[in-house]
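Residue numbers (this note's numbering): 1 to 133.
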Amino acid sequence: MNRKSDRLAADLGELVEQLRFLEATLTSSRTRLSPGKCTLDGETIEAELLAEFKTALDQTRHSVWALLEGLAGYSGYTVEEVLQNYRMQRASELLHALRGQVQSAAVPESAAARTFMEEVQIVAELALRRHMR
Numbered sequence: 001m002n003r004k005s006d007r008l009a010a011d012l013g014e015l016v017e018q019l020r021f022l023e024a025t026l027t028s029s030r031t032r033l034s035p036g037k038c039t040l041d042g043e044t045i046e047a048e049l050l051a052e053f054k055t056a057l058d059q060t061r062h063s064v065w066a067l068l069e070g071l072a073g074y075s076g077y078t079v080e081e082v083l084q085n086y087r088m089q090r091a092s093e094l095l096h097a098l099r100g101q102v103q104s105a106a107v108p109e110s111a112a113a114r115t116f117m118e119e120v121q122i123v124a125e126l127a128l129r130r131h132m133r
């Protein structure tokens with residue numbers, strides 16, 4: 001390995017250690033919750049920062065998962081293709097899981113449900129237009 005890849009491997013190792021430390025801190029009996037914030041080892045963390053961290057962590061987790069899936073069944077795809085295939089698979093699984101609830105009207109009326117349905121409609125319309133050309 002060259003110096004750049006050595007540094008990347010070291011950075012990944014450090015991130016693993018930091019994430020394990022963070023997990024231990026988050027689940028510690030010393031963690032306190034109150035409206036809009038939590039206290040970790042005496043430090044107040046706003047819910048907004050935790051939500052931003054969660055979003056970044058989720059995106060990274062999904063990218064790593066897709067790359068590992070792609071490596072397991074490597075067939076010459078580019079990284080972009082592996083990520084796109086993984087996202088489509090995840091979306092299909094989520095839609096399949098929701099299908100029964102939508103059919104039985106078990107989906108609650110909420111802002112999240114409306115936003116989700118709007119996004120599904122937009123993606124479906126875009127895909128239909130693309131494939132109707």
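The beta-carbon is built from N, C-alpha and C at its ideal position, and this holds for glycine as well. In this text, all values refer to a predicted model and were calculated from it rather than measured experimentally.
- Taking a C-beta distance under 8 Å as the contact criterion, L83 and S104 do not qualify as a contact pair.
- If you draw a 10 Å sphere on the C-beta of A66, you find 16 or more other C-beta atoms in it, and that means buried.
- The criterion of a C-beta distance shorter than 8 Å is not satisfied by L40 and L49.
- For E125, the enclosing alpha helix (DSSP H) has its first and last residue at 111-132.
- Taking C-alpha positions only, E69 is separated from A56 by approximately 20 Å.
- Closest in alpha carbon position to L15, among Y77, T60, R90, S92, is T60.
- At a Cβ-Cβ threshold of 8 Å, T44 and K37 count as neighbours.
- Contact between A113 and V107 holds, with the beta-carbon distance rounding to 5 Å and staying under 8 Å.
- Take the alpha-carbon of A111 and the one of E93: they are about 22 Å apart.
- Looking at the backbone, the Cα of M117 and that of M88 are separated by about 17 Å.
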